[in-house]
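Engineer: Take a look at the following structure, please.
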Amino acid sequence: MNISIKRDSKTESFKLQSTSPITLLSALYDIKSELDPTLTFDAGCKSGVCGSCAVLVNGKEQLACSYKYQDADLIEPLKYHPVLRDLKVDKNKAHQTINRGLTPKHNCTSVKTPDDEAKTKIQTDCILCNSCYSSCPVLAVNPDFLGPFTLTRVWRYLAGEGQRQGKGQAQDKGQAQGTAPTGGLLDKIQVNGIWDCTLCGECTVACPQGIDPKTDIMMLRGESGKAGYSDPNFGNMDFGTPSFGTPDFS
Ligand code: SF4
Ligand code: SF4
Ligand code: FES
49 MNISIKRDSK
59 TESFKLQSTS
69 PITLLSALYD
79 IKSELDPTLT
89 FDAGCKSGVC
99 GSCAVLVNGK
109 EQLACSYKYQ
119 DADLIEPLKY
129 HPVLRDLKVD
139 KNKAHQTINR
149 GLTPKHNCTS
159 VKTPDDEAKT
169 KIQTDCILCN
179 SCYSSCPVLA
189 VNPDFLGPFT
199 LTRVWRYLAG
209 EGQRQGKGQA
219 QDKGQAQGTA
229 PTGGLLDKIQ
239 VNGIWDCTLC
249 GECTVACPQG
259 IDPKTDIMML
269 RGESGKAGYS
279 DPNFGNMDFG
289 TPSFGTPDFS
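Structure (structure tokens):
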């Protein structure tokens, strides 16, 4: 079986001895040990837990340790990440979007009820593999877009804390209640955030954990609407001038 790997600007093909399906990650290790020790890729747990081995296979995001490779597969690094070497990318910029004040500090008086936890159980399974980020077409035109896993995380905090915020008063409200302050999270996701998402659902398809960032973003839009926010791009939209024809008063 052959496997093609994008390395810098060229694509290199490797012939593998294995005839039975093995994981892509095992194939990459075989190539590294038998054919080219310089091949560089990321991996950790080998069991779909750490999220480090995500790559593109024939244009779609896959965890290399879960995917069984097939003849003539084309393997590429994730999109929208600086490539450090071969399949290894720098995920720092994408992960920094989480840290732009979007992770509230929890205080010792924060209490989560089982109901609160149940609301966001699935989102806590995020392994930060960045597959959703790589699949999102908005990042091709707007590199400042917060991206799906960051917005999913914001929903996790909002829904999980049982908090609802009014425009401009969120932080005080959270602190006054003695619960974890959500720190005006809704304020921080209005620009380059929820309204820039096209709701295409690519992130949901790409997620190996079954998380649904698209729905979380729709929930955040709903909460934002209730709190008095609206799409900041709405005023700039051009809907054209409607034509009702020439009235005939004769
Ligand atoms: S649904 Fe939104 S966040 Fe998800 S991939 Fe599409 S544009 Fe990106
Ligand atoms: S939401 Fe899913 S695809 Fe996105 S980083 Fe988390 S686990 Fe990966
Ligand atoms: S090596 Fe950890 S998820 Fe693949």
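49 is the number of the first residue of the sequence shown in my numbering; add one for each residue after it.
Using N, Cα and C, we set each Cβ at its ideal position, and we do this for glycine too.
Model, not experiment: these values are computed from the prediction.
#1: For R201, which of helix, strand or coil comes out of DSSP?
#2: Any idea if F282 is buried or exposed, counting beta-carbon neighbours within 10 angstroms, 16 or more meaning buried?
#3: Which same chain residues end up closer than 6 Å to V299 when comparing Cβ atoms and leaving out the 5 residues on each side of it in sequence?
#4: Under 8 Å, do G99 and L176 count as touching if we go by C-beta distance?
#5: Kindly give me the distance between the Cβ atoms of L199 and I237, rounded to whole angstroms, as I take these residues to be in contact under 8 Å.
#6: Go through its chain and collect everything with a Cβ distance to A254's Cβ below 8 Å, but skip five positions before and after it.
#7: Using 10 angstroms around the beta-carbon of S278, count the other beta-carbons present and answer buried if the total reaches 16, otherwise exposed.
#8: Per the DSSP calculation, D121 is bridged to which residue(s)?
#9: Would you say S272 touches ligand 1, meaning its beta carbon is less than 7 Å from a heavy atom?
#10: Per DSSP, what kind of secondary structure is T67 in: helix, strand or coil?
#11: Would DSSP call Q110 helix, strand or coil?
#12: What residues does ligand 1 have around it, judged by CB closer than 7 Å to any heavy atom, in chain order?
#13: Just the Cα atoms here: how many angstroms apart are G195 and A142?
#14: Considering only the beta carbon of each residue, do N190 and D244 sit closer than 8 Å?
#15: Assign D90 to buried or exposed, taking buried as 16 or more other Cβ atoms, counted over all protein chains shown, within 10 Å of its Cβ.
#16: L104 lies in the alpha helix (DSSP H); which residues open and close that run?
#17: Can you give me the start and stop residues for the alpha helix (DSSP H) that R269 sits inside?
#18: Quick one: grab the DSSP three-state call for K80.
#19: Report the rounded CA-to-CA distance for L73 versus G273, giving the unit in angstroms.
#20: Pick helix, strand or coil for V97, following the three-state DSSP scheme.
#21: Would the C-beta of N50 count as close to ligand 2, meaning under 7 Å from any of its heavy atoms?
#22: Starting from the Cα of C101, find the closest Cα among T71, G270 and N50 and give me that residue.
#23: In the structure shown, what three-state DSSP assignment does V239 receive?
#24: Would you please state the rounded distance, in angstroms, between the beta carbons of A207 and K262? I believe it to be under 8 Å.
#25: From M267 to T172, what distance separates their C-alpha atoms?
#26: Can you pull the DSSP bridge partners for F62?
Structural biologist: Well, looking at it:
#1: Look at R201 here: in three-state DSSP terms it is helix.
#2: When all chains shown are included, F282 counts as exposed.
#3: Outside the shown range of the chain (49 to 298) lies residue 299, about which nothing can therefore be said.
#4: G99 places its beta carbon less than 8 Å from that of L176.
#5: The pair is a contact, with the Cβ atoms about 6 Å apart (cut-off 8 Å).
#6: Correct list, in chain order: K108, E109, S179, C180, S182 and S183.
#7: S278 is exposed by the Cβ-count criterion.
#8: Partner(s): I51.
#9: No; taking the cut-off as 7 Å, the Cβ of S272 has no heavy atom of ligand 1 nearer than that.
#10: Coil.
#11: The answer is strand: DSSP assigns Q110 an E or B state.
#12: Checking every Cβ against the heavy atoms of ligand 1 under 7 Å gives C180, S183, C184, P185, V186, G195, P196, L199, C245, T246, L247, C248, G249, E250, C251, T252, P261, K262 and I265.
#13: Our two residues, G195 and A142, have alpha carbons roughly 8 Å apart in a direct line.
#14: Cβ atoms of N190 and D244: closer than 8 Å.
#15: By the 10 Å Cβ count, D90 comes out buried.
#16: Careful: L104 lies outside any alpha helix (DSSP H), inside the beta strand (DSSP E) at A102 to V105.
#17: First-last of the alpha helix (DSSP H) with R269: P261 to K274.
#18: Note: K80 maps to helix in three-state DSSP.
#19: The straight-line gap from Cα to Cα measures roughly 44 Å.
#20: Three-state result, V97: coil.
#21: No.
#22: Looking at T71, G270 and N50, the one whose alpha-carbon comes closest to that of C101 is T71.
#23: Under the three-state reduction of DSSP, V239 is assigned to coil, being neither helix nor strand.
#24: With a Cβ gap of about 15 Å, A207 and K262 do not count as contacting.
#25: When rounded, the distance between both Cα atoms is 17 Å.
#26: In the DSSP secondary-structure assignment, F62 is bridged to I51.
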